[in-house]
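Note that the numbering used here gives residue 149 to position 135 of the sequence shown, counting from 1, and the numbers run on in steps of one. Positions of the beta carbon are idealized from the N, C-alpha and C atoms, including for glycine.
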Amino acid sequence: MAVTPYLFLDGRCEEAIEFYKKTLGATVGMMMRFKESPDPNSCGAGNENKVMHACITINDAPLMMSDGHAKNAPEFKGFSLSLDAKEAAEGDRMFNALAQGGQVQMPLTETFFAKRFGMVADKFGVGWMIIAGPKNP
């Protein structure tokens, strides 16, 4: 049984989807807006066009997302998403793209377990760990 992360972007979901498409090559599998819900009370007034539920794929892995209550104050604490890159150059590209407007928590560098490893919070506050190219045995 798989565990799939579900991010509540609190009003910035569509912006995040576009960012992940551009920076990580994400593809959108599905996206439903609150106005498409059969329950007319599923969202507050003015949020009809916000994303009720979306599923994107990054590196063949699903990531679910929503605007949630759309209060424009997403908060992500206590976890990071781990993203594997086959080569160091690919890891560099992904790390630098996610760092645009974000905050580097640990610079991307060579480690004892990978050619590159680094931690960054993107501009939405989502934490990412980039692991690129395992060390040769």
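Check the C-beta distance from Leu-97 over to Met-108 and give it rounded, since I have them as a contact under 8 Å. Going by Cβ atoms, the distance from Leu-97 to Met-108 rounds to 6 Å, so yes, they are a contact pair.
With H, G and I counted as helix, E and B as strand and the rest as coil, what does DSSP make of Arg-26? Here Arg-26 sits in coil by DSSP.
Exposed or buried, what is Val-17 when buried is set at 16 or more other beta-carbons lying within 10 Å of its beta-carbon? The residue is exposed, with fewer than 16 neighbouring Cβ atoms inside 10 Å.
Distance CB(Val-134)-CB(Ala-102) smaller than 7 Å: At the C-beta level, Val-134 and Ala-102 stay beyond 7 Å of one another.
Helix, strand or coil at Asp-98 [DSSP, three-state]: Three-state result, Asp-98: strand.
Decide if Met-46 is buried, meaning its Cβ has at least 16 other Cβ atoms within 10 Å, or exposed. Met-46 should be labelled exposed.
Beta carbon of Trp-142 nearer than 7 Å to that of Leu-77: Not closer than 7 Å, so no.
Quick check on Ala-84: does DSSP put it in helix, strand or coil? For Ala-84, the secondary structure class from DSSP, reduced to helix, strand or coil, is coil.
Length of the line joining the Cα atoms of Cys-27 and Ile-145: In a straight line, the C-alpha of Cys-27 is about 25 Å away from that of Ile-145.
Residue nearest to Met-66 in terms of C-alpha spacing, selected from Gly-60, Glu-50 and Thr-41: Closest by C-alpha distance to Met-66, out of Gly-60, Glu-50 and Thr-41, is Glu-50.
Host beta strand (DSSP E) of Thr-123 (start-end): Element bounds for Thr-123: 117-123.
Check Met-108 in the structure and name its three-state DSSP category. Met-108 sits in a helix when the DSSP states are folded into three classes.
Per DSSP, what kind of secondary structure is Thr-71 in: helix, strand or coil? Thr-71: strand per DSSP, three-state reduction.
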